[in-house]
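The working numbering runs 563 ahead of the 1-based position in the sequence shown.
Glycine residues also receive a C-beta, built at the ideal position from the N, C-alpha and C atoms.
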Amino acid sequence: MAAKNANKVMDKLVSLAKRRGFIFQSSEIYGGINSCYDYGPLGVEMKKNIKELWWKSMVYERDDIEGLDASILMHPKVWEASGHVAGFSDPLVDCKVCKTRFRADQVDLEKPCPVCGNRDSFTEIRQFNLMFKTFMGPVEDSANVVFLRPETAQGIYVNFHNVREAARKKLPFGIAQIGKAFRNEITPGNFIFRTREFEQMEMQYFVKPGEDEKWFEYWKEQRMKWYQRLGLKQEKLRFHQHAPDELAHYAKAAFDIEYEFPFGWNEIEGIHNRTDFDLSRHQEFSGKDLRYFDDQTKERFIPYIIETSVGCDRTLLTCLVDAYTEEEERVVLKLAPAIAPIKAAVLPLVKRDGMPEIAKQIVDDLRGDYRIFYDDAGSIGRRYRRMDEAGTPFCVTVDSQTLEDQTVTVRERDSMQQERVHIKEVKTYLDERLKA
Numbered sequence: 564m565a566a567k568n569a570n571k572v573m574d575k576l577v578s579l580a581k582r583r584g585f586i587f588q589s590s591e592i593y594g595g596i597n598s599c600y601d602y603g604p605l606g607v608e609m610k611k612n613i614k615e616l617w618w619k620s621m622v623y624e625r626d627d628i629e630g631l632d633a634s635i636l637m638h639p640k641v642w643e644a645s646g647h648v649a650g651f652s653d654p655l656v657d658c659k660v661c662k663t664r665f666r667a668d669q670v671d672l673e674k675p676c677p678v679c680g681n682r683d684s685f686t687e688i689r690q691f692n693l694m695f696k697t698f699m700g701p702v703e704d705s706a707n708v709v710f711l712r713p714e715t716a717q718g719i720y721v722n723f724h725n726v727r728e729a730a731r732k733k734l735p736f737g738i739a740q741i742g743k744a745f746r747n748e749i750t751p752g753n754f755i756f757r758t759r760e761f762e763q764m765e766m767q768y769f770v771k772p773g774e775d776e777k778w779f780e781y782w783k784e785q786r787m788k789w790y791q792r793l794g795l796k797q798e799k800l801r802f803h804q805h806a807p808d809e810l811a812h813y814a815k816a817a818f819d820i821e822y823e824f825p826f827g828w829n830e831i832e833g834i835h836n837r838t839d840f841d842l843s844r845h846q847e848f849s850g851k852d853l854r855y856f857d858d859q860t861k862e863r864f865i866p867y868i869i870e871t872s873v874g875c876d877r878t879l880l881t882c883l884v885d886a887y888t889e890e891e892e893r894v895v896l897k898l899a900p901a902i903a904p905i906k907a908a909v910l911p912l913v914k915r916d917g918m919p920e921i922a923k924q925i926v927d928d929l930r931g932d933y934r935i936f937y938d939d940a941g942s943i944g945r946r947y948r949r950m951d952e953a954g955t956p957f958c959v960t961v962d963s964q965t966l967e968d969q970t971v972t973v974r975e976r977d978s979m980q981q982e983r984v985h986i987k988e989v990k991t992y993l994d995e996r997l998k999a
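Laid out in structure tokens, this is it:
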């Protein structure tokens with residue numbers, strides 16, 4: 564029953580996401596391509612807002628983190644040093660009857676196939692590397708193999724000295740990056756929760772060995788606080804600590820921030836103490852000295868790294884799930900104003916008496932500062948409902964009273980409360996309520 568309800572909620576959300584222009588299936592007119600999605604007019608705005616809020620919190624509001632945008636294609640040795648070539652794989656089995664493919668650690672190999680019900684139908688376990696391969700240059704041979712990056716972090720590590728020297732940074736400091744990554748997942752699913760092409764928001768914080776545990780706890784606290792700015796329900800968030808047998812080979816400690824989705828508790832961000840593993844490996848494989856020189860102590864050492872890694876697409880899904888609300892007469896996305904794709908809609912009550920002209924002037928006055936939507940089609944109630952589904956925090960309505968005293972009705976999405984505001988004060992009104 565719980566699984567049915569979860570599917571029902573997700574089906575409704577997927578339908579709304581398409582209907583309102585948040586997310587479309589990639590290549591839909593050709594039947595789609597599995598686990599790839601396109602962001603529509605509202606989705607691309609919301610995604611941009613999430614990235615900007617993360618960047619603001621990491622780079623603009625601090626003086627110890629610098630930004631980077633590293634190339635997707637990197638030298639193949641990068642992925643040898645990082646361990647991805649040898650170890651970035653999942654155990655794979657196929658059902659010999661129905662041909663369905665599974666991760667071996669997600670099915671009970673002693674029981675029937677969960678799709679067709681046949682017993683003893685699984686192939687032998689084989690390891691499947693998750694990196695996408697391609698070739699650089701005109702000749703497709705092993706000497707020209709490159710990979711689409713499976714994470715953005717390695718681009719940060721190999722630029723450690725470049726950023727440090729250019730920005731004149733001393734420890735502790737961080738490097739932040741937002742960018743695409745690619746993983747040839749065996750079992751992607753749950754809409755945009757797990758996809759083969761995704762966008763990461765990662766920050767690697769370089770610290771002196773011995774101070775890593777202090778900074779690990781600091782970043783755990785900071786990252787949980789960030790989700791409050793996204794407006795997520797606090798009771799839906801929790802930490803999950805990785806047990807010793809769950810830790811990645813590079814990690815001294817790891818915590819996930821998890822959210823309770825309709826399909827269960829799942830990771831939305833990872834916070835890891837990566838020790839000096841990454842810089843040590845790149846120093847070994849490149850032959851370059853990646854040690855840090857401490858002016859005060861005159862020591863040279865390889866810094867430890869505290870990583871915060873969050874999927875932008877997964878965060879967007881989390882925000883949609885958290886905001887999706889069914890009320891008696893409407894469906895509404897109660898998105899935090901900072902990430903709402905449309906900040907305000909301007910609506911003339913009727914298409915006469917000069918109301919559309921006044922409404923369009925308000926739109927023009929606001930457009931340079933906010934994403935504003937003009938709508939004069941249908942009843943005012945129907946237009947409000949469309950904006951509720953789009954997650955628009957405010958609707959500004961030009962009505963007959965506007966013609967008399969130059970005031971408009973401003974309706975707040977969640978409470979549906981309305982108040983009169985002078986046309987000249989609309990921008991100030993929105994500025995105060997849309998602050999991130």
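Mapping DSSP to helix, strand and coil, what is residue i?
i, result
"T838", "coil"
"Q804", "strand"
"P654", "strand"
"F848", "helix"
"G742", "strand"
"P911", "strand"
"N692", "strand"
"V641", "helix"
"R792", "helix"
"P702", "Correcting the residue type first, residue 702 is Val in the shown sequence and not Pro. Coil, per DSSP."
"Y933", "coil"
"A817", "strand"
"V577", "helix"
"M621", "helix"
"L993", "helix"
"H812", "coil"
"D601", "strand"
"S872", "strand"
"I943", "helix"
"R712", "coil"
Only counting the same chain, and skipping five residues up and downstream in sequence, which positions put a Cβ closer than 7 Å to that of residue i?
i, result
"I869", "Y768, V770, D775, W778, F779, W782, N836"
"V721", "V641, H845"
"P675", "N681, R682"
"R746", "L693, P713, R759"
With a CB to CB cut of under 6 Å and the five nearest residues on each side skipped, what residues in its chain are close to residue i?
i, result
"G630", "V622, A739"
"W617", "M764"
"I741", "K614, M764"
"V572", "P825"
"V895", "T888, D951"
"A580", "I586"
"D601", "F587, S589"
"F802", "F818"
According to the Cβ coordinates, are residue i and residue j closer than 7 Å?
i, j, result
"M694", "V709", "no"
"V648", "F685", "no"
"L800", "P900", "no"
"A636", "A953", "Note on identity: in this sequence residue 636 is Leu, with Ala being the wrong assignment. No. Outside cutoff."
"D932", "K914", "no"
"E550", "D876", "The first residue shown for the chain is 564 and the last is 999, placing residue 550 beyond what the model contains."
"L880", "I749", "no"
"I628", "G737", "yes"
"C958", "R974", "yes"
"I834", "F818", "yes"
"R948", "L910", "no"
Since residue i contacts residue j with CB under 8 Å, what's their CB separation in whole angstroms?
i, j, result
"M787", "I820", "6 Å"
"V989", "V961", "No, V989 and V961 are not in contact; Cβ-Cβ is about 11 Å, not under 8 Å."
"E993", "A907", "At residue 993 the sequence reads Leu, which differs from the Glu that was named. Confirmed, Cβ separation roughly 6 Å."
"E760", "C599", "6 Å"
"Q964", "I986", "With a Cβ gap of about 11 Å, Q964 and I986 do not count as contacting."
With burial defined as no fewer than 16 other Cβ atoms inside 10 Å of the residue's Cβ, what is the status of residue i: buried or exposed?
i, result
"T860", "exposed"
"A886", "buried"
"R664", "exposed"
"R983", "exposed"
"T991", "exposed"
"E714", "buried"
"N610", "As written in the sequence, residue 610 is Lys, which differs from the Asn given in the question. With 16 or more Cβ atoms within 10 Å of its Cβ, K610 is classed as buried."
"F723", "buried"
"P807", "exposed"
"A706", "exposed"
"E608", "buried"
"G941", "exposed"
"Y593", "exposed"
"R731", "exposed"
"D977", "exposed"
"R583", "buried"
Excluding the 5 residues flanking residue i on each side, which residues of the same chain have their C-beta closer than 8 Å to its C-beta?
i, result
"E847", "A644"
"S620", "W789, R792"
"G646", "H812, Y813, R844"
"L917", "According to the sequence displayed, residue 917 carries Gly and not Leu. Within the same chain, G917 has close Cβ partners L966."
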